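Asks:
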Amino acid sequence: MLNVFITVKSLGKKKNHLDRLAWPLAESPPTLRALIEAVVILGVQSFNKRETAVPLVSCLTQTDIMRQGNGGKVGFGTLYNEQGNGEEEAVSTALLAFEDGLYRVFINGIEAEQLDMPLAICDGDELAFIRFTMLSGGLR
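Each number in the working numbering corresponds to the 1-based position in the sequence shown with 21 added.
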């Protein structure tokens with residue numbers, strides 16, 4: 022088991038700061054494709070484990086409101102889709118998005134450009150997944 026650190030944008034949309042999350046990997050992935058697969062599968066599994074039951078009476082404390090407000094979004098955390106997500110579909114979507122150039126992967130500040138390039142991920146390495154935002158509109 023090795024831990025890597027993934028840099029993600031904070032959940033709130035109001036604040037533009039990045040969070041550094043510890044992410045456990047069972048083994049060092051040999052390629053970028055295997056790294057993306059491992060990260061996506063762990064993400065889907067953790068999402069599917071989230072609580073889907075709605076409490077009978079839900080309320081937020083002042084502390085909850087302040088904590089969530091700092092993140093830019095206050096809510097009850099209700100999940101409306103109880104089916105969960107499929108790992109295979111999520112992995113294929115993530116790989117297709119990488120191939121289409123919708124996001125880039127950086128390992129210790131160096132871009133990993135090809136899915137089948139060999140990697141040497143070590144404990145404590147820094148990973149960054151940078152998603153590009155597509156803007157639409159015309160020039161005036």
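Cβ atoms here follow ideal geometry from the backbone N, Cα and C, with glycine treated the same way.
Fair warning: this is a prediction, and the values are worked out from it, not measured in the lab.
In this structure, how does DSSP classify I62 when only helix, strand and coil are distinguished?
Replies: Here I62 sits in helix by DSSP.
Asks: Alpha carbon to alpha carbon, how far is C80 from P50? Give it in angstroms, no decimals.
Replies: Roughly 43 Å between the two C-alpha positions.
Asks: Please classify A133: does DSSP put it in a helix, a strand, or coil?
Replies: In the structure shown, A133 sits in a strand (DSSP, three-state: E or B).
Asks: Roughly how many angstroms separate the alpha carbons of R152 and F26, rounded to a whole number?
Replies: Going from the Cα of R152 to the Cα of F26 covers about 17 Å.
Asks: Using DSSP's beta-bridge definition, name the partner residues of N24.
Replies: Note: N24 sits in a beta bridge opposite P45.
Asks: For E120 and A47, I'd like the C-alpha separation in whole angstroms.
Replies: Those two C-alpha atoms are separated by around 25 Å.
Asks: Using only CA atoms, which one of L39, R41, W44 and L53 lies nearest to L136?
Replies: Among L39, R41, W44 and L53, the Cα nearest to that of L136 belongs to L53.
Asks: Could you check which residue in K70, I128 and G64 has the C-alpha nearest to that of P139?
Replies: Answer by Cα proximity: I128.
Asks: To the nearest angstrom, how far is the alpha carbon of R125 from that of D40?
Replies: Taking the straight line from one Cα to the other gives about 17 Å.
Asks: Among I131, I86, R71 and A115, whose alpha-carbon lies nearest the alpha-carbon of A59?
Replies: Of I131, I86, R71 and A115, the residue nearest in Cα terms is A115.
Asks: What's the C-alpha gap between V29 and M22?
Replies: V29 and M22: Cα-Cα distance of roughly 22 Å.
Asks: Is it the case that the Cβ atoms of I62 and V112 are separated by a distance below 8 Å?
Replies: Cβ distance < 8 Å, so I62 and V112 count as in contact.
Asks: Quick check: what's the CA-CA separation for A7 versus L56?
Replies: In this structure the chain extends from 22 to 161, so residue 7 is not present and cannot be described.
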